[in-house]
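Participant:
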Amino acid sequence: MCGRYALNATAGDLIEHFGLISCPEWNARYNIAPQSSIPVIRLKPGAGRVGQLVRWGLIPSWAKDPSIGNKLNNARSETAADKPAFRSSFRRHRCLIPANGFYEWQAIEVEAKVRKQPWYIHPTEPGALFAFAGLLAAWNTPAGDTLVTTCILTTGPNALMVPIHDRMPVILAPEQFDTWLDPDNPDVDGLRGLMQPCDPDLMAAYPVSPAINRGSAEGSECIKPVEVVS
DNA sequence: CCAGACGTTGTT
DNA sequence: GTCTGG
DNA sequence: CCAGACGTTGTT
DNA sequence: GTCTGG
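Quick note on the working numbering: the first sequence kicks off at 2 and runs consecutively.
What follows is the structure, given as structure tokens:
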């Protein structure tokens with residue numbers, strides 16, 4: 002779950018919304034897929050929150066083969082603190098991933114065949130952004146460079162998501178940002194406690210065209226509401 | 001102890 | 001690096 | 001997440 | 001079936 006999302010905010014929007022001290026330029030995107038370079042927000046101790054572009058698909062520091070990053074787009078929040086692939090990232094390298102909304106595919110049966118209807122889920126409040134809870138990892142390339150990668154934590158569905166899908170991203174509220182982002186926060190149990198489905202009243206959803214399925218589809222038509230054809 | 005895996009999603 | 005399986 | 005490819009050898 | 005690319 003959460004394998005596709007939209008971020009059409011500008012760097013200025015992110016700076017304002019999340020109180021960043023810096024943020025790389027960003028061109029609006031409506032169909033961001035794993036392996037893309039995406040902006041994450043992390044806390045630079047003693048300085049403040051910064052935006053940084055990293056690759057979506059976590060490569061643990063110990064990986065010999067970076068292709069493991071093709072699979073680690075998400076981490077189950079229920080177990081991430083304990084799994085070898087995510088443990089050290091959960092302890093020390095947490096981030097937020099800003100999004101205007103995300104996509105989920107709803108399996109619906111039509112004439113005894115399963116069809117997948119994509120939905121777009123966005124904040125109820127106009128102009129608001131989601132902040133997904135994410136993890137970071139730094140991997141040393143054979144060439145001697147450092148490749149920073151990320152993944153999105155997932156959790157069970159809230160009431161809005163239940164009809165659509167059985168997983169959703171962990172979405173944090175502004176009052177939780179500091180606790181989550183502080184790399185020196187040693188309270189793993191407290192961090193675990195943040196890993197909950199968010200209040201369903203904060204989100205709204207509508208179906209979109211299956212044109213989104215194609216990873217190369219781009220533009221605001223990706224989030225245009227459609228009638229469900231059944 | 002060493003060797004080998006280390007993950008999620010969805011689908012069967 | 002750290003955990004699980006043998 | 002879904003779509004689309006999935007291979008080698010040798011030659012240009 | 002499984003991996004890579006978008």
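Note that the Cβ used here is the ideal one computed from N, Cα and C, for glycine as well.
For glutamine 197, which residues in the same chain have their Cβ closer than 8 Å to its Cβ, ignoring the five residues on either side in sequence?
Facilitator: Answer for glutamine 197: Thr156 and Val171, listed in chain order.
Participant: Using only the alpha-carbon positions, how far apart do lysine 65 and leucine 44 sit?
Facilitator: The alpha-carbon atoms of lysine 65 and leucine 44 are separated by roughly 28 Å.
Participant: Throw me the rounded Cβ distance for the leucine 97 and glycine 135 pair, which I believe falls under 8 Å.
Facilitator: The pair is a contact, with the Cβ atoms about 6 Å apart (cut-off 8 Å).
Participant: Taking alanine 34 as the reference, give the member of Gly216, Cys223 and Ser221 with the closest Cα.
Facilitator: That would be Gly216, whose Cα lies nearest to the Cα of alanine 34.
Participant: From this set, Pro119, Asp179 and Glu222, which residue's C-alpha is nearest glycine 47's C-alpha?
Facilitator: Closest by alpha carbon: Asp179.
Participant: Less than 8 Å between C-beta atoms, sequence neighbours within five positions excluded: which residues of the same chain meet that for glycine 49?
Facilitator: If we look at glycine 49 and ignore the five residues flanking it on each side, its Cβ neighbours are Gly20, Leu21 and Ile22.
Participant: Sorted by chain position, which residues of the same chain lie with C-beta nearer than 8 Å to alanine 10's C-beta, five sequence neighbours on each side aside?
Facilitator: Correct list, in chain order: His18, Trp27, Ala29, Pro99, Asn101 and Leu130.
Participant: How is the alpha helix (DSSP H) around glycine 194 delimited, first residue to last?
Facilitator: Where glycine 194 is concerned, the enclosing alpha helix (DSSP H) stretches over 189–194.
Participant: How about isoleucine 39 and tryptophan 57: do their beta carbons lie closer than 8 Å?
Facilitator: The answer is yes: Cβ separation under 8 Å.
Participant: Alpha carbon to alpha carbon, how far is asparagine 186 from arginine 193?
Facilitator: When rounded, the distance between both Cα atoms is 12 Å.
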